[in-house]
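Position one of the sequence shown corresponds to residue 1 (my numbering), numbered consecutively onward. Just so it is clear, CB atoms sit at the ideal spot from N, CA and C, and this is done for glycine as well. Right, one structure below, let's go through it.
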Amino acid sequence: MLARTADNLYWIARYMERAENLARTLRVTDRLSLMPSSTDTEGNEWHSTVIVSGSEEGFYEKYDEATPENVISYLAFDPENPSSIRSCIETARRNARAVRTALTTEQWECLNSAWLELPRWNETRVRGSGLHRFLDWVKDCSLLFTGGTVATMLRRDSYYFTRLGTFIERSDNTARIMDVKYHVLLPEHAEVGGGIDYYQWASILRAVSGYRSYHAVYREGLKPWLIAEFIVMREEMPRSLISCAAEIKDCLDRLGEEYGQRHECHRIAGQMYSRLRFGKVEDVFRQGLHEFLSEHIETNDRLGLEISRSYLLG
Numbered sequence: 001m002l003a004r005t006a007d008n009l010y011w012i013a014r015y016m017e018r019a020e021n022l023a024r025t026l027r028v029t030d031r032l033s034l035m036p037s038s039t040d041t042e043g044n045e046w047h048s049t050v051i052v053s054g055s056e057e058g059f060y061e062k063y064d065e066a067t068p069e070n071v072i073s074y075l076a077f078d079p080e081n082p083s084s085i086r087s088c089i090e091t092a093r094r095n096a097r098a099v100r101t102a103l104t105t106e107q108w109e110c111l112n113s114a115w116l117e118l119p120r121w122n123e124t125r126v127r128g129s130g131l132h133r134f135l136d137w138v139k140d141c142s143l144l145f146t147g148g149t150v151a152t153m154l155r156r157d158s159y160y161f162t163r164l165g166t167f168i169e170r171s172d173n174t175a176r177i178m179d180v181k182y183h184v185l186l187p188e189h190a191e192v193g194g195g196i197d198y199y200q201w202a203s204i205l206r207a208v209s210g211y212r213s214y215h216a217v218y219r220e221g222l223k224p225w226l227i228a229e230f231i232v233m234r235e236e237m238p239r240s241l242i243s244c245a246a247e248i249k250d251c252l253d254r255l256g257e258e259y260g261q262r263h264e265c266h267r268i269a270g271q272m273y274s275r276l277r278f279g280k281v282e283d284v285f286r287q288g289l290h291e292f293l294s295e296h297i298e299t300n301d302r303l304g305l306e307i308s309r310s311y312l313l314g
């Protein structure tokens, strides 16, 4: 496969996953903003959403304050923000046009339909209850693309490059959501395990579609160390860090077999998976959750760069 084709497939998946993650985060943030809060936490949830998106610098160049209106405008609709939901869907569809023959009919129709529907959504239409309808639509588009990928693509290099994009992006987002919990949402003097803390942990689980799954696995109340274990180290949780690492490793192993070569990205992926597979949650908290997650984000970024060097730059 041409490196340019592989690169387009990889980034189509990354942009669709990014749009979905933004939609999930915005919906949870909107819900959390309606919950009881102290004066210290009031408004912090919108600032935290900007940080999770990785758009802090660009946002504060344009706005002085992270109000709900400003954050929704910038992260959902701003064409000048390359990571806004609008930009993600438009870029994914543009990449899809360039590699139309490498996509299945179902994948193309999903991306093209999303692009055609997108202009109907604007800041006026999503005010109030319209916001949740818009965010649900974005999530549905991404899930439809993912389902089409899994159900219709041949298990060849094109499939593995597409799936790599999904899981590299998902791994980054899950780690960022967890990291923001301790460094933005929770005020310094707030009591861990208190009412505010409970809402925040519940919001994180909902952001990764893990609220019901958590209770199915642990069958008890929300406890920070169990939530951390669930989102970081439980492989049956499809948006956990270890689940993403396992999928990344598997895709790279398949590509290594198909091309008859292994690269630095294979070594990094193996190390990342092993660290999560054989680690313990006690070790995570001993190191510090922030430090652990920051290291994971850096490793994931480095892995993405090595994947590009090995396969996508040609």
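Euclidean distance between Cα positions of Glu106 and Gly148: Taking the sequence shown and counting its residues from 1, the one referred to as residue 106 is at position 106. Taking the sequence shown and counting its residues from 1, the one referred to as residue 148 is at position 148. Cα-Cα distance, rounded: 6 Å.
Runs of alpha helix (DSSP H) lying entirely within the stretch 99-175, each at least 4 residues, in chain order: 105-117 and 130-152
C-beta atoms of Leu75 and Ser53 nearer than 7 Å: Locating residue 75 in the sequence shown gives position 75, where the first residue counts as 1. Locating residue 53 in the sequence shown gives position 53, where the first residue counts as 1. A contact, by the Cβ cut-off of 7 Å.
Own chain partners of Ser240 with C-beta closer than 6 Å, once the 5 adjacent residues on each side are dropped: As a first step, residue 240 must be located in the sequence shown, where it is residue number 240. Within the same chain, Ser240 has close Cβ partners Ile231 and Arg234.
Cβ-Cβ distance between Ser356 and Ala102 below 7 Å: Because the chain is modelled from 1 through 314, residue 356 falls outside the range shown and cannot be assessed.
Inter-residue spacing [alpha-carbon to alpha-carbon] between Phe167 and Ser129: Residue 167 sits at position 167 when you count from the first residue of the sequence shown. Residue 129 sits at position 129 when you count from the first residue of the sequence shown. Going by the C-alpha atoms only, they are around 31 Å apart.
Ala151 versus His290 - alpha carbon distance: For the purposes of this step, residue 151 is taken as residue 151 along the sequence shown, with counting starting at 1. For the purposes of this step, residue 290 is taken as residue 290 along the sequence shown, with counting starting at 1. Rounded to whole angstroms, Ala151 to His290 spans 37 Å at the Cα level.
Candidates Tyr198, Ile204, Tyr199 and Arg163: closest to Arg176 by CA position: The count along the sequence shown starts at 1 and reaches residue 176 at position 176. Closest option to Arg176, Cα to Cα, is Ile204.
Separation of Cys141 from Ala114, as counted between CA atoms: For the purposes of this step, residue 114 is taken as the residue at position 114 of the sequence shown. For the purposes of this step, residue 141 is taken as the residue at position 141 of the sequence shown. Cα to Cα, the separation comes out at about 7 Å.
Beta carbon of Arg170 nearer than 7 Å to that of Cys88: Walking along the sequence shown from the start, residue 170 turns up at place 170. Walking along the sequence shown from the start, residue 88 turns up at place 88. No, they are not a contact pair.
Stretch pair the stretch 247-262 + the stretch 122-137: three plus CB contacts closer than 8 Å: no
Where His296 sits in the DSSP three-state scheme: Here residue 296 refers to the residue found at position 296 of the sequence shown. His296 falls in the helix class under three-state DSSP.
Tyr60 in three-state terms, based on DSSP: Taking the sequence shown and counting its residues from 1, the one referred to as residue 60 is at position 60. Tyr60: helix per DSSP, three-state reduction.
Best match in Gln200, Glu236, Glu57 and Leu164 for proximity to Cys265 [C-alpha to C-alpha]: The residue labelled residue 265 in the question sits at position 265 within the sequence shown. Checking every option, the nearest Cα to that of Cys265 belongs to Leu164.
CB contact flag (Leu293, Tyr160, <7 Å): On the sequence shown, residue 293 is found 293 positions in, with the first residue counted as 1. On the sequence shown, residue 160 is found 160 positions in, with the first residue counted as 1. No.
Contacting residues, own chain, Cβ-Cβ under 8 Å from Cys110 (five flanking each side not counted): Working through the sequence shown from its first residue, we reach residue 110 at position 110. So the list reads Cys141, Leu144, Phe145 and Gly148, once near-sequence residues are dropped.
Beta-carbon proximity list for Ala202, same chain, < 7 Å, skipping 5 on both sides: Taking the sequence shown and counting its residues from 1, one reaches residue 202 at position 202. The residues are Tyr211 and Leu222.
Three-state secondary structure assigned by DSSP to Thr67: Locating residue 67 in the sequence shown gives position 67, counting from the first residue. DSSP places Thr67 in coil when its eight states are reduced to three.
Residue environment, Gln200, which counts as buried when at least 16 other CB atoms sit within 10 Å: One-based indexing of the sequence shown puts residue 200 at position 200. Flag for Gln200 reads buried.
Reference Leu9, options Asn70, Ser55, Ile72 and Thr104, closest by Cα: Counted from its first residue, the sequence shown places residue 9 at position 9. Taking only the C-alpha atoms, the option nearest Leu9 is Thr104.
Buried or exposed (CB count within 10 angstroms, at least 16 for buried), Gly304: Reading the sequence shown from its first residue, position 304 is the one you call residue 304. Classification for Gly304: buried.
Beta-carbon contacts of Gly279 that lie in its chain and below 8 Å, excluding the five residues immediately before and after: Numbered from its first residue, the sequence shown carries residue 279 at position 279. Met233.
Burial state of Lys62 (16 or more Cβ within 10 Å): Reading the sequence shown from its first residue, position 62 is the one you call residue 62. Its Cβ having fewer than 16 others within 10 Å, Lys62 is exposed.
Residue environment, Ala13, which counts as buried when at least 16 other CB atoms sit within 10 Å: As a first step, residue 13 is located in the sequence shown; it is residue number 13 there, counting from the start. By the 10 Å Cβ count, Ala13 comes out buried.
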